[in-house]
Every structure is written in C-alpha cells, then in structure tokens.
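Protein chains in written order, with this note's numbering: chain L, 475 to 586; chain H, 82 to 194.
Shown next, in structure tokens, is the structure this report addresses.
Quick look at the structure:
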C-alpha cells in the first residue's frame with residue numbers, strides 16, 4: 475500500500491531552534507495538506523498545496539511558520555524560531571482534488 | 082468559522098455493547114467524512130457521506146448524514162476491542178481549487194474486553 479511518509483517521527487528541541495519537518499506524499503497525488511493536532515484544539519489545517527502551488531496558508535502563523543514544496547515528492551514545514559506553544563503532532567496528508575486525504579503518521583514535536 | 086462539535090468526548094464501554102457518537106454543526110457541508118485514529122498513527126478514512134439523509138454501512142459501523150447536511154452520527158453494533166480509537170468527523174467545504182476539511186475534536190472510544 476502506498477503511504478505518506480513523514481520525517482522525523484519525533485523531534486525534541488529547545489525554544490528558539492529551527493525545526494524542519496518533511497513529507498513525501500503518495501506518488502501521483504497533487505494536493506498536500508499540513509495539519510497540527512493538539513488535545514485542546516484537535517486537528518487544525520495549517521496550509522495546503524495543489525500542484526505544488528500554495529493555495530491557502532491562512533491557518534499558519536506567518537511570522538514563524540513557512541511551508542514549501544520544492545518538488546512533487548517533498549513538502550516541508552519549517553518553524554523558526556520555535557516556541558513551547560508549537561509543541562504538537564504535525565500531520566501531512568496527500569490526495570487528489572476532491573478525493574480522500576491520506577495521512578502520514580505525523581511528527582511529534584516537543585519544544586522545551 | 083465552521084465548527085464541528087463531537088459528542089461524547091470520551092466513551093468507555095464493554096465488549097458487545099452498542100454505541101452512537103454524534104457530530105453536529107450549524108454549517109452545511111458538501112460532504113462529511115469519518116476517520117479513525119490509533120495512537121501514534123495518522124487518521125484513516127472510514128467513510129464519506131455526501132447526500133442529505135444518506136446511510137452507509139461498513140460491517141458493524143453505520144454512518145448517517147443528516148437531511149440538512151449539518152450533522153452526522155456513527156453507530157457501532159456489538160463493539161469489539163479492535164474498535165478502540167479516536168473517531169473524528171470532518172466536514173468538507175469547497176476551497177480554492179480543492180476542498181478543505183474542518184475536523185471535530187473527536188470521540189475517544191475504549192472497548193473493554
């Protein structure tokens with residue numbers, strides 16, 4: 475079965491450090507989503523791309539977060555500088571337009 | 082802002098019991114999806130309902146979309162320990178060239194053997 479691959483699976487770092495999370499979408503999928511999951515807020519959409527172009531990043535704090543798709547096989551989400559409130563599980567999902575979203579297993583991020 | 086309220090937030094039942102979880106909103110969605118998420122993994126899609134009043138069955142799971150497409154329910158018959166997990170509903174709305182999902186916070190189900 476094709477899967478969305480996210481790396482790293484776990485990341486612990488200190489406040490102020492840069493964090494980069496990577497996602498390899500399923501081959502052939504043209505839509506990529508980044509979500510953040512916390513106990514308090516649940517799953518929140520941060521940004522999504524279609525055909526590598528950013529369509530909506532209104533859910534993302536612009537001052538410290540950035541999302542890119544350098545090519546069709548890689549999506550990145552960066553936080554700089556990181557803060558303790560960024561601690562969460564970050565999920566990437568991919569799909570086809572109007573089709574189901576397939577989620578990776580997430581990056582569990584802890585900012586000390 | 083579109084919100085999806087899920088209830089109950091937590092549910093612990095004995096194996097063999099039936100249960101229903103609810104997903105409610107004041108907004109209309111073009112479709113509604115149900116996911117199950119297990120610890121350390123991402124959500125996995127169970128079903129998509131599109132038409133108001135639609136009922137879909139997946140083995141012991143029955144999903145219903147409200148007539149007005151604002152709410153949905155998931156009924157599990159004779160729950161098994163393997164049904165344990167976080168159940169998430171997500172409403173889809175058309176976005177710029179794609180669609181966006183608004184997720185509820187989930188119902189955490191524990192089925193005790």
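Note that beta-carbon positions come from the ideal geometry of N, C-alpha and C, so glycine has one too.
{"Check": "If residue 505 of chain L sits next to residue 570 of chain L, beta carbons under 8 Å apart, how far is it from one beta carbon to the other, in whole angstroms?", "Outcome": "7 Å"}
{"Check": "Taking CB distances under 8 Å as the criterion, tell me whether residue 674 of chain L reaches chain H.", "Outcome": "For residue 674 of chain L there is no data in the structure shown, the boundaries of chain L being 475 and 586."}
{"Check": "So which residues of chain B does residue 129 of chain H contact, with C-beta pairs closer than 9 Å?", "Outcome": "Of the protein chains in this structure, namely L and H, none is chain B."}
{"Check": "Here's a check: name, in chain order, each residue in its chain whose Cβ is nearer than 6 Å to the Cβ of residue 180 of chain H, leaving out the five neighbours to either side.", "Outcome": "173"}
{"Check": "Hey, residue 84 of chain H and residue 106 of chain H are a contact pair by Cβ (cut 8 Å); roughly how many whole angstroms apart?", "Outcome": "6 Å"}
{"Check": "Cβ of residue 162 of chain H less than 8 Å from any chain L Cβ?", "Outcome": "no"}
{"Check": "Which one of L:561, L:558, L:553 and L:544 has the shortest CA to CA distance from residue 495 of chain L?", "Outcome": "L:553"}
{"Check": "To test your reading of the DSSP string, which unbroken beta strand (DSSP E) runs of 3 or more residues are found completely within the segment 493-534 of chain L?", "Outcome": "493-498, 505-512, 516-524 and 527-530"}
{"Check": "Considering just the uninterrupted stretch of the beta strand (DSSP E) at residue 544 of chain L, what are its terminal residues?", "Outcome": "539-545"}
{"Check": "Specify, as a first and last residue, the run of the beta strand (DSSP E) that residue 559 of chain L falls within.", "Outcome": "Unbroken run through residue 559 of chain L: none, as it is neither H nor E."}
{"Check": "Please go through the same chain and pick out, in chain order, the residues whose beta-carbon is closer than 6 Å to the beta-carbon of residue 134 of chain H, but skip the five residues on each side of it.", "Outcome": "148"}
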